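Enquirer: Position in the sequence shown counted from 1, then plus 4, gives you this note's numbering.
Glycine included, each C-beta is placed from N, C-alpha and C at the ideal position.
Computed from a predicted structure; not experimentally measured.
Below is the structure I would like to discuss, written out as structure tokens.
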Amino acid sequence: MVLDASAAAGAAPAARSVRAVRGAVQLDADEREHLLASTRELVTGVLEANGLSTDDLVSIMFTCTPDLTSEFPAVAARELGLGDVPLMCAVEVDVVGAMPRVVRLMALAETALARSEVQHVYLRGAVALRRDIAQ
């Protein structure tokens, strides 16, 4: 458990834990600039929805459906300034009938949010992947 810097200022420390935040976005087409812009939107959305800064991030794992080959999603995260955050990309399992053209992420972050308070972010067509938790 990591304690918040507010403890040094005399305030009660906020307990922080590592939480996983999920997200996904469906692309209209496999085009490099569209993939990068959509991934930047997804990463930014995850950070904003959970009140996270880049310093809170432990790592981000990206996956792409096999039909997305124009660029690595991690490039978009680097463009956002996540130069010291460990990033990894992988190909999603190729399941028959699965939604096409999807970039997914799982970000690990240090936060005071309870697991039940974490906001997962699903954009555009990817909302259909998790209607139970999509924003």
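What separation, rounded to the nearest whole angstrom, lies between the Cα atoms of Asp-8 and Gly-101?
Expert: Reliability fails at Asp-8, whose pLDDT of 46 lies under 50, so the model's placement of it is uncertain and the value that follows must be treated cautiously. So the two alpha carbons sit approximately 45 Å from each other.
Enquirer: Return helix, strand or coil for Ala-130, following the three-state DSSP convention.
Expert: helix
Enquirer: Taking Arg-23 as part of the beta strand (DSSP E), name the residues at either end of that continuous run.
Expert: 19–30
Enquirer: Looking at the unbroken beta strand (DSSP E) that takes in Ser-63, where does it start and where does it end?
Expert: 61–68
Enquirer: Within 10 angstroms of its Cβ, does Ala-81 collect 16 or more other Cβ (buried), or is it exposed?
Expert: buried
Enquirer: Do three or more CB pairs link the region 128–135 to the region 62–81 at distances below 8 Å?
Expert: Because the criterion of three Cβ pairs below 8 Å is not met, the region 128–135 and the region 62–81 do not touch.
Enquirer: Quick one, which of Val-25, Val-47, Ala-33 and Ala-116 has its alpha-carbon nearest Pro-152's?
Expert: Not covered by the structure: residue 152. The range shown for the chain is 5 to 139.
Enquirer: On the DSSP letters alone, give me the boundaries of the beta strand (DSSP E) that Glu-164 sits inside.
Expert: Lying outside 5 to 139, the shown extent of the chain, residue 164 is not represented and no answer is given.
Enquirer: Contact between the region 49–56 and the region 20–28 is defined here as three or more beta-carbon pairs at a separation below 8 Å; is this criterion met?
Expert: yes
Enquirer: Quick one: what's got a C-beta closer than 8 Å to Thr-48's C-beta in the same chain, skipping five residues either side?
Expert: Leu-84
Enquirer: Quick one, which of Leu-40, His-38 and Glu-45 has its alpha-carbon nearest Val-125's?
Expert: Glu-45
Enquirer: Can you tell me where the beta strand (DSSP E) holding Leu-51 begins and where it ends?
Expert: No beta strand (DSSP E) holds Leu-51; the alpha helix (DSSP H) holding it covers 36–53.
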